[in-house]
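S.K.:
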Amino acid sequence: MKPMNYDEYEYIADNIFAPIYDIIVDDILKETGFKEGRFMDIGTGGGHLGLTIAKRTNQKGVLIDINPEAVERTMKRADDWNIFHRVEALPADISMLPFRDHCFKLIVSRGSMQFWTDYDKAFNEIYRTLKPGGYAYIGGGMGNKELAEKIEKQMEAIGKGKDRPDSQRRGNNLSTDEYLEYINKYDWDVKVIPKELGKGRWFVLHKKEN
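Take 30 as the starting number for the sequence shown in my numbering and just add one per residue.
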């Protein structure tokens, strides 16, 4: 089975996944309370999560992806959503971010961490660029249990269900304890939202004040 091309990703994100982003943003805002400041979305893909944050708050966003095509499509979508002036998108690698220290109040990432190639460098960069008192909200999920079940049926109907034979969807996903081995090297308060709650699995990292 061939891996999905970018047009397929866009179709799925725009149509099948469309309801999840507002729910995830609700959870992010509930955890952090941030509606002002500057945020970064890592592995933004088509920009849906980051653009939803920008649309629903007064935050300005930097949306990064290692794929230049994703960056181009993100900015087109920002224009379509009439928030082009509130965000910027650029190609960047999580292992070596082109930003100064302590410049983001919020860092988010949905569905990208299993594809990171160097977790030591990735979490070091997140910690470095996050402001003291800031939050990182990182992981993956479909919003809630009901949506996840509905989306899985829709994905199965187009031959992209979780039991398909290719491994492209899974990436290099680690266990929660394995991720925590990297996360716990840094001075932040850690909250794990486990899969059992039905929201997916998320790591909420609150960087301590100096």
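For every residue, glycine included, the Cβ atom is placed at its ideal position computed from N, Cα and C.
In the DSSP assignment, the beta strand (DSSP E) including residue 135 goes from what residue to what residue?
M.R.: As a first step, residue 135 must be located in the sequence shown, where it is residue number 106. Taken as a continuous stretch (DSSP letters only), the beta strand (DSSP E) holding residue 135 covers 133-139.
S.K.: Return the bridge partner residues of residue 235 from the DSSP annotation.
M.R.: Stepping through the sequence shown from its first residue, residue 235 is reached at position 206. Residue 235 pairs with 164 and 218.
S.K.: For the structure I just gave you, are there three or more beta carbon pairs, one from the region 83-90 and one from the region 54-74, closer than 8 Å?
M.R.: The region 83-90 vs the region 54-74: in contact.
S.K.: Take residue 211 and list the residues in its own chain whose beta-carbon comes closer than 7 Å to its own, dropping the five residues that flank it on each side.
M.R.: The residue you call residue 211 lines up with position 182 of the sequence shown. So the qualifying residues of the chain are 148, 149 and 152.
S.K.: Please classify residue 129: does DSSP put it in a helix, a strand, or coil?
M.R.: Translated into the one-based positions of the sequence shown, residue 129 becomes position 100. If DSSP states are grouped into helix, strand and coil, residue 129 belongs with coil.
S.K.: Residue 165: buried (16+ other C-beta within 10 angstroms of its C-beta) or exposed?
M.R.: Against the sequence shown, residue 165 aligns to sequence position 136. Buried, by the Cβ-count rule.
S.K.: What do you get for residue 114, buried or exposed, if any count of 16 or more other CB atoms within 10 angstroms of its CB means buried?
M.R.: Within the sequence shown, numbered from 1, the residue matching residue 114 stands at position 85. Exposed, because fewer than 16 other Cβ atoms sit within 10 Å of the Cβ of residue 114.
S.K.: Since residue 134 and residue 67 should fall inside the 8 Å C-beta cutoff, what is the C-beta to C-beta distance between them, to a whole number of angstroms?
M.R.: Within the sequence shown, numbered from 1, the residue matching residue 134 stands at position 105. Within the sequence shown, numbered from 1, the residue matching residue 67 stands at position 38. Right, their Cβ atoms sit about 6 Å apart.
S.K.: Report the residue from 61, 75 and 69 whose alpha carbon sits nearest the alpha carbon of residue 40.
M.R.: Translated into positions along the sequence shown, residue 40 becomes position 11. Nearest of 61, 75 and 69 to residue 40, Cα basis: 75.
S.K.: Over what stretch of residues does the beta strand (DSSP E) that includes residue 118 continue unbroken?
M.R.: For the purposes of this step, residue 118 is taken as residue 89 along the sequence shown, with counting starting at 1. Its beta strand (DSSP E) spans residues 116-120.
S.K.: Enumerate in chain order the residues of its own chain whose CB-to-CB distance from residue 158 is below 8 Å, with the five nearest sequence positions on each side excluded.
M.R.: Sequence index remark: in the sequence shown, residue 158 carries index 129 (1-based). Hits under 8 Å: 69, 126, 128, 129, 130, 131, 132, 133 and 136.
S.K.: Near residue 220, what residues of its chain come up, given a Cβ to Cβ distance below 6 Å and the 5 sequence neighbours on each side ignored?
M.R.: As a working mapping, residue 220 is identified with position 191 in the sequence shown. Correct list, in chain order: 233.
S.K.: Indicate whether residue 188 and residue 236 have their beta-carbon atoms separated by less than 8 Å.
M.R.: To locate residue 188, count along the sequence shown from 1; it is residue 159. To locate residue 236, count along the sequence shown from 1; it is residue 207. No. Outside cutoff.
S.K.: With residue 69 as the anchor, note down where its beta strand (DSSP E) starts and where it stops.
M.R.: Your numbering for residue 69 matches position 40 in the sequence shown. DSSP places residue 69 inside the beta strand (DSSP E), whose first and last residues are 67-71.
S.K.: Given that a residue counts as buried once 16 or more other Cβ atoms are within 10 Å of its Cβ, and exposed if not, what is residue 80?
M.R.: Translated into positions along the sequence shown, residue 80 becomes position 51. Residue 80 comes out buried.
S.K.: In whole angstroms, what is the alpha-carbon distance linking residue 202 and residue 58?
M.R.: On the sequence shown, residue 202 is found 173 positions in, with the first residue counted as 1. On the sequence shown, residue 58 is found 29 positions in, with the first residue counted as 1. Distance between the alpha carbons of residue 202 and residue 58: 26 Å.
S.K.: With residue 147 as the anchor, note down where its beta strand (DSSP E) starts and where it stops.
M.R.: Residue numbering aside, residue 147 sits at position 118 when the sequence shown is read from its first letter. No beta strand (DSSP E) contains residue 147, which DSSP labels as neither H nor E.
S.K.: Assign residue 208 to one of two classes, buried (16 or more other C-beta atoms within 10 Å of its C-beta) or exposed (fewer than that).
M.R.: As a working mapping, residue 208 is identified with position 179 in the sequence shown. By the Cβ neighbour-count rule, residue 208 is buried, with 16 or more other Cβ atoms within 10 Å of its own.
S.K.: Can you tell me whether DSSP reads residue 227 as helix, strand or coil?
M.R.: Your numbering for residue 227 matches position 198 in the sequence shown. Of the three classes helix, strand and coil, the one that applies to residue 227 here is coil, per DSSP.
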